[in-house]
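Have a look at the structure below, then the notes.
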Amino acid sequence: MTSAAPGQSPWITEFLSGNAHELHQSEMPPAQRCVRLHSLTRPAVVLGSAQVAGSRLGSSEKLAVVAAEVLEQFGCDLAVRRSGGGAVWLSPGDQCWVDIWLPAGDPLWRSDVGQSSWWLGECWAEALAETSQLAAQPVVHRGPLLHRDLAEVACFAGLGPGEVTVDQKKIVGISQRRSRLGARFQCVVYTHWDPKPLLEVLQSCYPQTAAGTEFGHALGDALNSGVLAVQVAPAEQVAPAPSGVTAERQILNALLASLPR
């Protein structure tokens, strides 16, 4: 892991690489604002914490056994995060995965969970409007969780407070884990999106998501038509940058520039 404080910014910036399980288990510095970019070494389906406890099998290990054939087919792992919400698909180079830590008592802290990520959604909207080729202005959702039944299975099938859309398609997913020390916001922006691995792993773990069911059809429709992968503008159109800068680093840099000082 490398860590640096850019200039006089109050945000620590960290870079971690590993598999999904390792990255989700890593702790963040409790007393300081922190932004962490995660780089994956293997693809993974990551379940929300409640999805495992609420499953008929009751553990991620048993779910992995049930889904073993599909996991092997896509060469991916099954992991569990400690924040809530539905499952996400993560694959090396296909998303910008950023965790943000906000200490309790920070001026940005909101006790109302329904409003606590609005500020972060605004930062994401500004960053993606700046660095991505979008057909319309990003919109931050400030209402209650939409499509709760679908969102509890797959994060990007619903829309929660602070999450961001373009033309009613979701481009930023945010889950949150709060404690007495602070809040950890886990954010994903896809730069390439293929829902097939996620859907097939979910179908192997949760019978109600099978393609032939009404719920499975609704889930597939939401993930196929309701998610937008952002196309990052060439680096020279945004700001001078070394050749070979990845899309996730461009997005991270734009996010860092948009964060409150």
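Under full-length UniProt numbering, the sequence shown has 119 at position 119, and the numbering climbs by one with no breaks. The C-beta atom is built at its ideal place from N, Cα and C for all residues, glycine as well. Nothing here was measured: the structure is a model prediction, and the numbers come from that model.
Spatial neighbours of residue 136 within its chain, please: C-beta separation below 8 Å, excluding the five flanking residues on both sides.
Position 136 of the sequence shown, counted from the start, is the residue given in the question as residue 136. Same-chain partners within the cutoff: 166 and 167.
### Query
Taking all protein chains shown into account, do 16 or more other C-beta atoms lie within 10 angstroms of the C-beta of residue 255, making it buried, or fewer, making it exposed?
For the purposes of this step, residue 255 is taken as the residue at position 255 of the sequence shown. Answer is buried; the Cβ neighbour count reaches 16.
| Euclidean distance between Cα positions of residue 248 and residue 38 | Numbered from its first residue, the sequence shown carries residue 248 at position 248. Numbered from its first residue, the sequence shown carries residue 38 at position 38. In a straight line, the C-alpha of residue 248 is about 9 Å away from that of residue 38.
Q) By how many angstroms is the C-alpha of residue 139 removed from the C-alpha of residue 105? A) Counted from its first residue, the sequence shown places residue 105 at position 105. Counted from its first residue, the sequence shown places residue 139 at position 139. Answer to the nearest angstrom: the Cα atoms are 27 Å apart.
- request: Would you mind working out which of 80, 65 and 95 sits nearest residue 250, comparing C-alpha positions?
  value: Taking the sequence shown and counting its residues from 1, one reaches residue 250 at position 250. Of the candidates 80, 65 and 95, the one whose C-alpha sits nearest the C-alpha of residue 250 is 95.
### Query
When DSSP builds the beta bridges, which residues end up paired with residue 65?
Locating residue 65 in the sequence shown gives position 65, counting from the first residue. Answer is none; residue 65 lacks a bridge partner.
Quiz item: Quick one: what's got a C-beta closer than 8 Å to residue 151's C-beta in the same chain, skipping five residues either side?
Solution: For the purposes of this step, residue 151 is identified with residue 151 of the sequence shown, where counting begins at 1. 85, 86, 145, 157, 158, 159 and 160.
**Q.** Nearest residue (CA-CA) to residue 17, options 32, 43 and 233
**A.** On the sequence shown, residue 17 is found 17 positions in, with the first residue counted as 1. Nearest C-alpha to residue 17: 43.
- Query: What first and last residue would you give for the alpha helix (DSSP H) that runs through residue 221?
  - Reply: By one-based count along the sequence shown, residue 221 stands at place 221. Here the alpha helix (DSSP H) through residue 221 covers 214 to 225.
Q) Among residues of its own chain, excluding the 5 on either side of residue 48, which ones have a beta-carbon nearer than 6 Å to its beta-carbon? A) Residue mapping note: residue 48 aligns to position 48 of the sequence shown, counting from 1. Answer for residue 48: 84, 85 and 86, listed in chain order.
Distance, residue 66 Cα to residue 45 Cα:
Walking along the sequence shown from the start, residue 45 turns up at place 45. Walking along the sequence shown from the start, residue 66 turns up at place 66. Spanning the two alpha carbons is a distance of roughly 14 Å.
Which partner residues of residue 169 appear in the DSSP bridge assignment? Mapped onto the sequence shown, residue 169 falls at position 169. DSSP, once it has assigned bridges, lists 166 as partnering residue 169.
Cβ shell of residue 23 (< 7 Å), same chain only, five flanking positions each side left out: Taking the first residue of the sequence shown as position 1, residue 23 is located at position 23. If we look at residue 23 and ignore the five residues flanking it on each side, its Cβ neighbours are 16 and 38.
Tell me the start and end of each unbroken alpha helix (DSSP H) in the region 91 to 153 that is at least 4 residues and wholly inside, in chain order. 118 to 131 and 148 to 151
| request: Please check the pair residue 147 and residue 222, which I expect to be a contact at CB under 8 Å, by giving their CB distance rounded to whole angstroms. | output: As a position in the sequence shown, residue 147 is number 147, starting the count at 1. As a position in the sequence shown, residue 222 is number 222, starting the count at 1. Rounded, the Cβ-Cβ distance is 7 Å, consistent with contact.
For residue 258, which residues in the same chain have their Cβ closer than 7 Å to its Cβ, ignoring the five residues on either side in sequence? On the sequence shown, position 258 is the one that residue 258 refers to. Contacts found: 123, 126 and 127.
>> Using only the alpha-carbon positions, how far apart do residue 11 and residue 182 sit?
In response: Taking the sequence shown and counting its residues from 1, one reaches residue 11 at position 11. Taking the sequence shown and counting its residues from 1, one reaches residue 182 at position 182. Rounded to the nearest angstrom, the two C-alpha atoms are 15 Å apart.
TODO: Would you check if the region 225 to 234 and the region 111 to 118 touch, i.e. whether three or more CB-CB distances between them fall below 8 Å?
DONE: no
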